[in-house]
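Engineer:
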Amino acid sequence: MRHVLVTGGAGFIGSHFVKRIIKAEDVVRVTVLDALTYAGRIENLGTAFLSDKLRFVQGDVQDAAAVDELMSSGPTAVVHFAAESHVDRSYGAADGFLSTNVLGTQVLVRAAHRHGVEKFVHVSTDEVYGPLLRGEATEEAPLRPTVPYAVSKAAGDLVALGAHSTLGLPLCVTRSSNNYGPNQYPEKIIPFFVTRLLRGMTVTLHDRGQHVRNWLHVEDNCAGIEAVLRKGEPGEVYNLGGGADLSCKELTGYLLALCGATWDAVGYIPDRPANDARYAIDWTKARDQLGYRPQHRLDDGLAETAEWYRRNVDRWAPLMTDSRTVVPAARPARVPLELPRGH
Ligand code: NAD
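Residues in the sequence shown are numbered consecutively from 872, following my numbering.
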C-alpha cells in the first residue's frame, strides 16, 4: 500500500483516518479528495499538513473527469468516505444525498477499475440494515433502510459491491455504528448537545429519547477501516461495531454530567418520521477474521470529546445552528424488524 486516495478526508471520520494512515511506514502518499461542503473543514486535517506525504485536492466525487485524472496519478488504494451524512438533512434533500452517495460512488469505482486500483474500501453504516427491535444484524442480513440517508447509503453499497462482481474491482464495504469523537460537525447529536449545554442552552429529545444507538469511538472505526484496507477479502462486507448501546436519553444523561448541566435543560419534541427504534450489528466477522477490537471505553471517550469542544470554541462556535431538526411532522413509525442474533 503506497499511495492512498481518501475521499471526504476533510470530514469527521475521514480526517481522523488521514491522520492515522499518514503515519504508516508503507504509505508514501495520501491524497485527499474533498468538495469542502458545509461539513468538510480543512482545519480537521490539522497536523496531517505537517507531513509532506499529504496532497489535498478540492473536488467533487461526481466529477468524472477530475476523478479520472486523480486516479491516473497512481493511487494503489482508495478509501471512500465522501458522503452527505446527516440524517435530519436527508429528509428535505434526498436528491442531493442520492447524487453524492450513489452516483459519486459509481464514478469512483469505475475510475478505480480503469486505473487498476489494488484495494477499494467503501465506508458505510449500520443504518442500511434498518431498525431491529432485538438481535444483531450480521453482514448477511437484508438491507431495509428507512430514512433517505440510509436509503442512499444502501444504494451506494450495492453500486460498490456490483463493481466487485461485474468488474472484479478488489473492493470491501465497512458498516459501522454511530461514531463520536473530536472534530464532528455540531449538527450531530453529541456535538450538538455538548456545544449547546456548554453555553447554558437547552436541548431537545425526540419523543421520550428511547431510540437506541451503538456509540463507537471514531478512532476505533478508523482502526477497523485500516484492518479492512490491509486484510479484508475482496467482495466482503465487514460490520464495525462494539461500542456502547445507549438510548438517546441515557446518552443525554452522560452529556449533562460532562457539561455541568441538569435535566432542566432538556425538552421533548414529537418524533420524526421513521426514526428507527434501534440499530445493532454483529461485528464478530471483523473480530475473528481481521483482529478488529475497539479499544475506547465510552465514559473516557465521551469525556475526551466534551473536553475537546470545551477547549476549541473557536472551531465550532461559528458553525452552531438553532436546530438539528429539519424534518416534516411525524407520522406513525414503521414497525421495527426483529432478527435473531447471527441472522
Ligand atoms: P462528514 O459529513 O463529517 O464528512 C463528509 C465529507 O465528505 C466532508 O468533508 C464533505 O466535504 C465531503 N463530501 C461531501 N460530498 C462530497 C462530494 N460530492 N465530493 C467530495 N467530497 C464530498 O461525514 P462523516 O461523519 O465523517 O462520515 C464519513 C463516512 O462515514 C460517510 O460515508 C458516512 O456515511 C459514514 N458513516 C458515518 C458514521 C457517523 O457516525 N458519522 C457512521 C457510520 C458510517
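C-beta atoms are modelled at their ideal positions from N, C-alpha and C, and glycine is treated no differently.
Keeping to the same chain, check which residues put their C-beta closer than 7 Å to that of L941; ignore five residues upstream and five downstream.
Structural biologist: Same-chain partners within the cutoff: L876, T902, L904 and V928.
Engineer: Would the beta-carbon of H1167 be found less than 8 Å away from any heavy atom of the ligand NAD?
Structural biologist: For the ligand NAD, not one heavy atom lies less than 8 Å from the Cβ of H1167.
Engineer: W1134 by DSSP, collapsed to three states: which one?
Structural biologist: Three-state result, W1134: helix.
Engineer: Under 8 Å: does the beta carbon of E955 sit that close to some heavy atom of the ligand NAD?
Structural biologist: At least one heavy atom of the ligand NAD is nearer than 8 Å to the Cβ of E955, so yes.
Engineer: Roughly how many angstroms separate the alpha carbons of A1012 and V999, rounded to a whole number?
Structural biologist: About 10 Å.
Engineer: Can you say whether S943 is buried or exposed, counting buried as having 16 or more other CB atoms within 10 angstroms of its CB?
Structural biologist: So S943 counts as exposed.
Engineer: For R926, which residues does DSSP report across the bridge?
Structural biologist: Answer is T902, bridged to R926.
Engineer: Express the C-alpha separation of D931 and A964 in angstroms, rounding to a whole number.
Structural biologist: Near 18 Å, if we compare the C-alpha coordinates of D931 and A964.
Engineer: Looking at the structure shown, is V1022 part of a helix, part of a strand, or coil, going by DSSP?
Structural biologist: Helix at V1022.
Engineer: How would you call A936, buried or exposed, if buried means at least 16 neighbouring beta carbons within 10 angstroms?
Structural biologist: With fewer than 16 other Cβ atoms within 10 Å, it is exposed.
Engineer: Would you mind reading off the limits of the beta strand (DSSP E) that contains F952?
Structural biologist: Careful: F952 lies outside any beta strand (DSSP E) and carries neither H nor E.
Engineer: Less than 8 Å between the CB of K1059 and some heavy atom of the ligand NAD, yes or no?
Structural biologist: Yes.
Engineer: For R1212, count neighbouring C-beta atoms within 10 Å of its own C-beta (all shown protein chains included) and say buried if the count is 16 or more, exposed if not.
Structural biologist: Unreliable positioning characterises R1212 in this predicted model, as indicated by a pLDDT of 32, which lies under 50. The coordinate reading is nonetheless provided below. R1212 is exposed by the Cβ-count criterion.
Engineer: Does the segment 1014-1021 come close enough to the segment 1062-1071 to have 3 or more Cβ pairs within less than 8 Å?
Structural biologist: Short answer: they don't touch.
Engineer: Classify R960 as buried or exposed, calling it buried when 16 or more other Cβ atoms lie within 10 Å of its own Cβ.
Structural biologist: R960 comes out buried.
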